[in-house]
Every structure is written in C-alpha cells, then in structure tokens.
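Here the structure is laid out as structure tokens; the discussion comes afterwards.
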Amino acid sequence: MEKNYDLIVVGAGHAGCEAAHIAATMGCKVLLVTMNMETIAKMSCNPAMGGVAKGQIIREIDALGGMSAHITDRSMIQFRMLNRSKGAAMWSPRSQNDRWLFARYWRIALEQNPNIHFFQDMVKGIHTENGKITGVKTAMGSSFYAQSVILTNGTFLNGLIHIGDKQYGGGRMGEAGSTGITEQLVSHGFETGRMKTGTPPRVDGRSIDYSKMEEQKGDDEIQAFTFLPHKQTPSKQKSCFITYTNPEVHDKLREGFHLSPMFNGAIEGLGPRYCPSIEDKINRFSERDRHQIFVEPEGWDTVEIYVNGFSTSLPDHIQYEAIKKIPGFEAARIFRPGYAIEYDYFQPTQLKPTLETQGIENLYFAGQINGTTGYEEAAGQGLMAGINAAAKIQDKEPLVLKRNEAYIGVLIDDLVNKGTDEPYRMFTSRAEYRISLRQDNADVRLTPIAQKYGTASKERIDALLKKTSFTKDIIEYITKTSIEPSNINPILEKTDRQTIKQKVKLKSLLARPDVSIRDLSQAQPDTFLKDIEREYLEHAEINVKYEPYIKRELEQVDKLTRLEHLTIAEEFDYESIKALSSEAKNKLSKIKPATIGQASRISGVSPADISVLLVYFGR
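So the sequence shown is numbered by the numbering used here: it starts at 1369 and just counts up by one.
Structural data, given as structure tokens:
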C-alpha cells in the first residue's frame, strides 16, 4: 500500500472535496481519507446551494477553479435568483438540488483526477515532528505520510446526536462520529469548543396534500453557476411549496419542551441564531402564531421531502404528532425524524490567514471544524486551504484574498481575526464592499488570480477575455449611441414609466433604475445588442448603473489597502510597546496579524491601538 503523499485531506464533505480537487489540479499527489466512500459530498441537511451571499461564494469558487458550481448546475432541480426586487448588485443565485446526483457527480469528478487517491477509514490522530505535521494514523492502524494535512472533519469530531432525551454518538444519522483527534490537538495546546446544528424530519411526499400549499416555481430562465461556456443545466424544474405552522402545532410542540435537549441542558454547544429550530422559534417569538415552512423535494426520482423551517430535536413522537397539524401534512408519513447534532470545533483565531494552524506547521483546518456552518462556507475554505497547502509545497506565494476581493476573503478574515462562539454564516451585511463583490463579476475579480496559481483552464481564461471584451464594447456603444423618443417611449409607456421628450444617450437612459438593457435592445432591435449573451448584457448593465457607487468603494479600498501593505513580523513582541492596551497586547500576541490592516480588524484592538502601532513603525 502506498504510504507517502504530498497532501492528505481528512474528510470528504464539501470542504474536503474542494481541497482535494484543487490541490490535485495544482499537481499535488493527494490522499483523500474518508470514513465512508459511499457518502462523499453528501448533502447532510438541505439539498440546496447558494442563496444570499452564499450564491456569490459558489461563483467565486468557480472563478478560482473549484468544482462546486459545475456539480450544482448538473444536479439542479430548481433555480431562483434571489433579491430580484432589489438592485442587481444584490442578486444572489440559489438552486434546489438532487441530493444523490450531487454526491455522484462529485465522486466522478474526484475519481477522474489521476492525482487523487482514496482510502476508507477513520483518522484517529496525527503524526508530528519538531512542531510540523508529518502524517495521519487511522483506526485500523494504518499510517500515511505527507508534507501537509488538511482536516475537514465537519460535524464528526466527537459528534453526539440528540432526539429528545435520547443520545447517540455519531457525526450524521446512521454514521459513527470521529474520536481521538480533538484530544490530541488539545494536548498540543489547541483551544476547542462545542457547537450545535440541527436538521428537520424527512417526509414521504406521497402523503402530502400540496393543494393546501402555495406553489413556488423556479425562474422561467435558468442561469448557471459556472462561468464556463459549456453549461449543463436542466431543461425542466421541480416546484417547491410553502405552508405555515399554527397555534395547534405550537401547543403540541410545547408538550415536549421538557424533553428537549435544548432546554434541559443536554446540549452545551451554541446553535445558529439565524436558522433556529422550530422549538427555539416558538420559544423566542411567542407572540407569533405561525411560522413559514418550505416543502422542498430532495431529487428527481425520490418522494423524500425536506421540511425546511421545521428543524427540531424534540422526541420523535412529538415531531410526528405536531407535523400532522400543519396544513397539507395531515396524513404525513415520516421517513426519519429531525435531530440535533453537537460536535467539536476549534477557535479559528488559532489559524493563519492561509488557514494553516499556528500551533502545528503545515496543518490546515477547513469547514465546520473552524466554527462555520453551510456547504458554501465549507467549500470556500476547503478551496483556499487546498490552494495554500499546495502553494507552500510548491514554494509559491500564499493566497490570501482581501475583504474587497471576495466574500471568501471576508469569511476567512472574520474567522481568523474575530473568531466565533456560534456557527458562522456568511451574509451580505458582513461585507463592506458588497457592491463590488457581486455574483456577476466573480470571474473578473478572481480568475486572473486562478491563472497565477494554475487552477484556471485555458477555456476559463478565454471565456473571461470574451466577457471583458464584450462588456467594453457594450459600454462603448451605449456611451456613444443616442435613442429617439419614438423608439423608446412605447416601451416605457407599457409599464407607466416616465417617457423622454428628446433624443438622449443610451447610457444616461440606462442609468435610470427602472430601465434595463433589454429595454434598449427591444427599442433598437437592429443593433448588435440583440445577439449578445444575457450574461454579458447584465454585467455591462450593472457596471453602468452602479458606476458612481463602485467608484466610491474603490476609493475606500485604496485608502484601506495602504494599511495592508504595512507588514508585521510574526515574532514581533507587542508586550514591548507600553502604550498599547492590555487587551490589544493579548489579542495581537495570540492572533499574530501579518499586516496593520489585519490588526485593525481584530476584536479588542481599538483605533487608538492602531495609531500607536503606526507611530511605532514610523507611519
């Protein structure tokens, strides 16, 4: 059996799959170790990808050469562009996916990469020498060795499943947890904690009365997540449905509150505030007499239904009785109950911005082990850990995305500098430069970086060049070309929009929030606009509409970037600067920021502390 590799990836969830794929693409010989080869890339919770801020992350992963967008497109059963009612800069793609196809396509993609090897076993610990990682050891007694190791253990580290007053060891229903790693890392000085997440019951779709629910169809036009020209999206879509709880449901659920591990102290870890369990929602929002329930199919060829909004760890008989009181679920048959899962994580302030640990050289953490939640957040971290581990092996510069470059950059910067004591989820509100960090321009922002690290194919680079060329031509055309009132007014009048009285430039007309580039194309059907792909037209339109806001953001970025160029040596002694506050000394010594910019974003480091550092460094 082969024992030596460039890189070992532990865990084959979203983080592990992206890490293994990207490192192998960069030429590393990778061993992917997973406890079960049949559950590679399994969607443990909702079979959906994207959403607000999350859709942007998937497109960023794609732009950097990751696989999540391709897999999402191929396994998609419904597509919706969220935030359509808001400005285009806020649009976020989201898909419902076939759970089994998603996992299948991921496994095929990994197996088709000749640089990826597989081994099925539980990793029980790590090998180290002189403060460096050297390999891993498994439950069966096998040892494998590598220059770097990436841990992506998800919810499996000392995982504990809760259903009412029942407890089961496991990382997912029906699967064993992982033991040994936490204890070993703690012995190396790592700080650990407990977190909690949950999942709702799964229901037999044949037992549901959809006539009592509101149908939620996908968009008429499917937009792919990938930027590559050869897109694989479905020709049809499946509907989701919406229903609501009621006071009867709530009363029935309250009967089991005394048995809830959330309320009786059985669960120590904190769960996500923004995705609470149904019992938590009833408890916290007692004034509300109903809560929304999304009824979502799990695939093309299954009757299994995901009851989104009904996440719970209450006793199974309470779940069963309560769900039957929801309109449309009166005759529901439950395939498996909802449950909560508690697991170990490591405070991410113990990481470098590359996701390498400070405590052990060449050891990287990615995904829920860092206190995050969500497929997209995990995949983004896995991608960055894979790139950086491979880059270090190959003596390349590390890749640290700035907050103005990507949502992935915001995610990692927040984790490393601020840490988290609850499951971290990405929101647009966390990003200061969200007008620049749009879903439509992720390739423009990040594919040139991917090219530098060898993760962008020629096809991807050519697609980007084509897009930027068309965008330039479109903007140039609408800047120079005028339109007559007789051409555009009939279109504006159809929807009671303000008409024009004289000839105007297309660009000034497009700057209006209620005028789209499609309106212009329709008004002048003989122009070259009619033959250009929707993706290019929308990208050009957003650039025109948001031009002053983008300019303002870039000016802010320019000011703040200056701090990012002021580097700090890793071994710098903050205790020697008496003018720094005690908290700042403690935080700076612990996190070891690489730049003054990073130091300024650490919780507990005040503007006054930054001023002291600037004076000290002669700035």
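A virtual CB, placed ideally from N, CA and C, is assigned to each residue, including glycine. All of these numbers come straight from a predicted model, not from anything done at the bench.
Residue j beta carbon less than 7 Å from that of residue i
| i | j | result |
| --- | --- | --- |
| lysine 1786 | serine 1607 | no |
| threonine 1613 | histidine 1685 | no |
| leucine 1888 | leucine 1874 | yes |
| proline 1721 | valine 1784 | yes |
| glutamate 1428 | isoleucine 1900 | no |
| leucine 1432 | leucine 1814 | yes |
| isoleucine 1426 | alanine 1409 | no |
| glutamine 1736 | glycine 1522 | yes |
| isoleucine 1518 | alanine 1757 | yes |
| glutamate 1921 | isoleucine 1803 | yes |
| valine 1377 | alanine 1388 | yes |
| threonine 1963 | leucine 1981 | no |
| proline 1716 | glycine 1532 | no |
| isoleucine 1859 | alanine 1891 | yes |
| asparagine 1772 | tyrosine 1801 | yes |
| serine 1511 | glycine 1503 | yes |
| arginine 1806 | alanine 1457 | yes |
| alanine 1690 | lysine 1620 | yes |
| alanine 1734 | alanine 1747 | no |
Inter-residue CB distance, residue i and residue j (contact presumed, cutoff 8 Å)
| i | j | result |
| --- | --- | --- |
| arginine 1452 | glycine 1586 | Not quite, the Cβ-Cβ distance comes to about 13 Å (not below 8 Å), so this is no contact. |
| isoleucine 1417 | glutamate 1744 | The amino acid at residue 1417 is misidentified as isoleucine; the sequence shows methionine. Correct: roughly 7 Å between the Cβ atoms. |
| tyrosine 1711 | glycine 1527 | 5 Å |
| serine 1412 | lysine 1760 | With a Cβ gap of about 30 Å, serine 1412 and lysine 1760 do not count as contacting. |
| threonine 1680 | glycine 1566 | 7 Å |
| glycine 1696 | lysine 1580 | 4 Å |
| tyrosine 1821 | methionine 1508 | With 8 Å as the limit, tyrosine 1821 and methionine 1508 do not qualify as a contact, their Cβ atoms being about 35 Å apart. |
| aspartate 1808 | isoleucine 1910 | 6 Å |
| isoleucine 1390 | leucine 1751 | 5 Å |
| lysine 1564 | isoleucine 1635 | 5 Å |
| lysine 1770 | glutamate 1938 | 19 Å between Cβ atoms; not a contact. |
| aspartate 1763 | phenylalanine 1595 | In fact, because the Cβ distance is near 29 Å, the residues do not count as touching under 8 Å. |
| glycine 1548 | lysine 1492 | 4 Å |
| threonine 1796 | alanine 1392 | Between alanine 1392 and threonine 1796 the Cβ distance is about 32 Å, and since that is not below 8 Å, they are no contact. |
| tyrosine 1984 | isoleucine 1945 | 6 Å |
| isoleucine 1694 | valine 1617 | 6 Å |
| threonine 1506 | alanine 1383 | Not confirmed; about 19 Å, so no contact. |
| leucine 1731 | isoleucine 1780 | Not confirmed; about 16 Å, so no contact. |
Residue range of the alpha helix (DSSP H) that includes residue i
| i | result |
| --- | --- |
| serine 1443 | 1436–1443 |
| histidine 1382 | 1382–1393 |
| glutamine 1660 | Unbroken run through glutamine 1660 is the beta strand (DSSP E), 1660–1665; no alpha helix (DSSP H). |
| glycine 1965 | 1964–1968 |
| histidine 1685 | 1684–1691 |
| proline 1916 | 1915–1932 |
| glutamine 1424 | 1422–1431 |
| isoleucine 1728 | Element bounds for isoleucine 1728: n/a, residue is neither H nor E. |
| leucine 1981 | 1975–1984 |
| threonine 1839 | 1826–1848 |
| tyrosine 1578 | Careful: tyrosine 1578 lies outside any alpha helix (DSSP H) and carries neither H nor E. |
| glycine 1777 | 1775–1786 |
| glutamate 1943 | That residue, glutamate 1943, is in no alpha helix (DSSP H); it is neither H nor E in DSSP. |
| arginine 1652 | 1646–1652 |
| isoleucine 1549 | 1549–1555 |
Bridge-paired residues (DSSP) for residue i
| i | result |
| --- | --- |
| aspartate 1572 | Glu1672 |
| tyrosine 1792 | Thr1740 |
| serine 1511 | Lys1505 |
| aspartate 1560 | In the sequence as displayed, the identity of residue 1560 is threonine instead of aspartate. Phe1714, per the DSSP bridge assignment. |
| tyrosine 1904 | Beta-bridge pairing links tyrosine 1904 to no other residue. |
| histidine 1485 | Leu1399 |
| alanine 1416 | Gln1464 |
| valine 1883 | In the DSSP output, where bridge partners are listed per residue, valine 1883 has none listed. |
| glutamate 1909 | Bridge partners of glutamate 1909: none, in fact. |
| histidine 1495 | Gly1503 |
| phenylalanine 1447 | Ser1463 |
| valine 1872 | Ile1851 |
Span of the beta strand (DSSP E) around residue i
| i | result |
| --- | --- |
| phenylalanine 1733 | 1731–1733 |
| aspartate 1374 | 1372–1378 |
| glutamine 1762 | No beta strand (DSSP E) contains glutamine 1762, which DSSP labels as neither H nor E. |
| lysine 1862 | Unbroken run through lysine 1862 is the alpha helix (DSSP H), 1853–1862; no beta strand (DSSP E). |
| tyrosine 1536 | 1534–1537 |
| leucine 1528 | 1528–1531 |
| tyrosine 1612 | 1608–1612 |
Does the segment 1435–1446 come close enough to the segment 1469–1477 to have 3 or more Cβ pairs within less than 8 Å? Taking one beta carbon from each stretch, the segment 1435–1446 and the segment 1469–1477 have 3 or more pairs nearer than 8 Å; the two touch.
Does the segment 1572–1579 come close enough to the segment 1549–1560 that 3 or more CB-CB pairs lie under 8 Å? no
Give a yes or no on contact between the segment 1970–1984 and the segment 1910–1930, applying the rule of three or more CB pairs nearer than 8 Å. no
Between the segment 1394–1402 and the segment 1544–1554, can you find at least three pairs of beta-carbon atoms closer than 8 Å? No, the segment 1544–1554 is not in contact with the segment 1394–1402.
Is it the case that the segment 1493–1511 contacts the segment 1838–1850, given that we only count it when at least three CB pairs across the two stretches are under 8 Å? no
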